[in-house]
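Number of protein chains: 2
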Amino acid sequence: MERVADANAQFYSAIENGDIDLMQAVWAEEHDAPDIVCVNPGWPLLRGRTEIMRAWSLIMANVTYIQYVLTETHIGVAGDIAMVTCEENVLTAEDDSPGFVAGGQVVTTNLFVDTEQGWRLWSHHASPVLMEEDEEGEGTPDA
Amino acid sequence: MERVADANAQFYSAIENGDIDLMQAVWAEEHDAPDIVCVNPGWPLLRGRTEIMRAWSLIMANVTYIQYVLTETHIGVAGDIAMVTCEENVLTAEDDSPGFVAGGQVVTTNLFVDTEQGWRLWSHHASPVLMEEDEEGEGTPDA
Numbered sequence: 004m005e006r007v008a009d010a011n012a013q014f015y016s017a018i019e020n021g022d023i024d025l026m027q028a029v030w031a032e033e034h035d036a037p038d039i040v041c042v043n044p045g046w047p048l049l050r051g052r053t054e055i056m057r058a059w060s061l062i063m064a065n066v067t068y069i070q071y072v073l074t075e076t077h078i079g080v081a082g083d084i085a086m087v088t089c090e091e092n093v094l095t096a097e098d099d100s101p102g103f104v105a106g107g108q109v110v111t112t113n114l115f116v117d118t119e120q121g122w123r124l125w126s127h128h129a130s131p132v133l134m135e136e137d138e139e140g141e142g143t144p145d146a
Numbered sequence: 004m005e006r007v008a009d010a011n012a013q014f015y016s017a018i019e020n021g022d023i024d025l026m027q028a029v030w031a032e033e034h035d036a037p038d039i040v041c042v043n044p045g046w047p048l049l050r051g052r053t054e055i056m057r058a059w060s061l062i063m064a065n066v067t068y069i070q071y072v073l074t075e076t077h078i079g080v081a082g083d084i085a086m087v088t089c090e091e092n093v094l095t096a097e098d099d100s101p102g103f104v105a106g107g108q109v110v111t112t113n114l115f116v117d118t119e120q121g122w123r124l125w126s127h128h129a130s131p132v133l134m135e136e137d138e139e140g141e142g143t144p145d146a
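The listed protein sequences derive, respectively, from chains A and B.
Each residue of the first sequence is one higher than the one before, starting from 4 at the first, in our numbering.
Each residue of the second sequence is one higher than the one before, starting from 4 at the first, in our numbering.
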């Protein structure tokens with residue numbers, strides 16, 4: 004669990020520090036996981052290291068300051084696979100930075116695979132919460 | 004691969020047919036997977052069978068016609084876990100149905116766990132594509 008939490012923290016540290024080398028290291032190699040995928044909030048699905056690293060390079064080049072505060076973090080492990088779910092609360096100096104929903108709430112599922120080099124990212128899927136809290140039916144009586 | 008594809012098809016069949024019993028059967032039991040999660044497009048993250056089934060019941064009660072055309076479907080298997088990624092092209096008669104981005108493009112990661120009863124859903128994360136195609140850097144020269 005702790006090693007998974009560390010791997011998850013490294014991923015956000017890579018974004019916050021604009022560290023593309025760390026970002027490369029965080030993700031699984033093609034032989035560790037069958038098909039790595041990345042969905043940033045509001046983005047289409049990106050597949051494979053080349054496309055995903057190009058996107059992160061582009062984001063890092065355009066964002067001067069970004070900080071993540073993760074809440075509601077849960078870790079579930081099933082064999083060699085771990086799923087981390089959390090809410091990303093994003094603070095950024097670039098409110099018009101491309102592809103990021105700044106100030107808004109984002110929910111995330113991060114999937115890690117246990118490799119010889121430690122837990123590595125297989126999938127990152129982050130999406131904006133667009134609906135009002137009470138629309139999901141919480142607090143309303145059953146129909 | 005084929006059994007995973009079948010399990011994935013059953014999930015969408017459950018939605019299309021408003022079949023809550025099938026929806027219950029598609030998802031993993033708590034003892035099969037540590038923490039099942041569901042994110043519908045623009046929704047917050049839902050955890051656990053009770054919350055997830057309540058949401059699907061609500062959706063099924065409000066949507067009279069819905070059809071999914073899946074494109075770009077990829078299946079990756081790592082041990083007892085399979086990840087299905089795809090684009091959901093959603094046709095619905097209810098353009099103002101709660102929580103669904105009708106007519107828009109949705110990208111999805113579905114995570115399945117291999118159980119004694121077959122492949123069962125551990126996580127469904129679907130999110131709206133809000134940016135223009137060319138914003139992701141495709142077709143633009145490297146900076």
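In this text, a Cβ means the ideal position worked out from N, Cα and C, and glycines have one as well.
- Message: So, at 6 Å on beta carbons, what are the nonlocal neighbours of A10 (chain A) in its own chain, with the 5 sequence-adjacent residues on each side left out?
- Response: Here the set comprises F115, W122.
- Neighbour flag for G21 (chain B) against chain A, beta carbons, 8 Å: So, not an interface residue.
- Is the beta carbon of V7 (chain A) sitting closer than 8 Å to the one on V80 (chain A)? Pairing V7 (chain A) with V80 (chain A) gives a Cβ-Cβ distance under 8 Å.
- Query: Which whole-angstrom value describes the C-beta separation of Q70 (chain A) and E19 (chain A), a residue pair presumed to lie in contact below a C-beta threshold of 8 Å?
  - Reply: A Cβ-Cβ separation of about 6 Å places Q70 (chain A) in contact with E19 (chain A) under the 8 Å criterion.
- Return the residue from the list B:H128, B:D83, B:E91, B:T112 that minimises the CA-CA distance to D35 (chain B). Of all alpha-carbon atoms in B:H128, B:D83, B:E91, B:T112, the one lying nearest the alpha-carbon of D35 (chain B) is that of B:D83.
- Item | Residue closest to I78 (chain B), alpha-carbon to alpha-carbon, out of A:W125, A:D24, A:P131, A:A129 | Looking at the Cα atoms, A:W125 is the closest of the given residues.
- Message: I need the DSSP call for W30 (chain B), collapsed to helix, strand or coil.
- Response: Strand, per DSSP.
- Item | Closer than 8 Å to chain A by CB, A81 (chain B) | Output row for A81 (chain B): interface = yes.
- For W30 (chain B) and R57 (chain B), believed in contact at Cβ under 8 Å, the rounded distance: With a contact defined as Cβ atoms closer than 8 Å, R57 (chain B) and W30 (chain B) miss out at about 13 Å.
- Query: By Cβ distance, which residues of its chain are closer than 8 Å to V104 (chain A), with the 5 residues on each side in sequence left out?
  - Reply: Bear in mind that the predicted position of V104 (chain A) carries a pLDDT of just 47, short of 50, making it unreliable; the figure below should be weighed with that in mind. Contacts found: P44, G45, V93, P131.
- Task: Report yes or no: is there a C-beta of chain A within less than 8 Å of the C-beta of I95 (chain B)?
- Result: According to the sequence provided, residue 95 (chain B) is Thr. The question's Ile does not apply to it. No, T95 (chain B) does not count as interfacial toward chain A.
- Task: Helix, strand or coil for A85 (chain B), going by three-state DSSP, please let me know.
- Result: In this structure, A85 (chain B) counts as strand in the three-state DSSP scheme.
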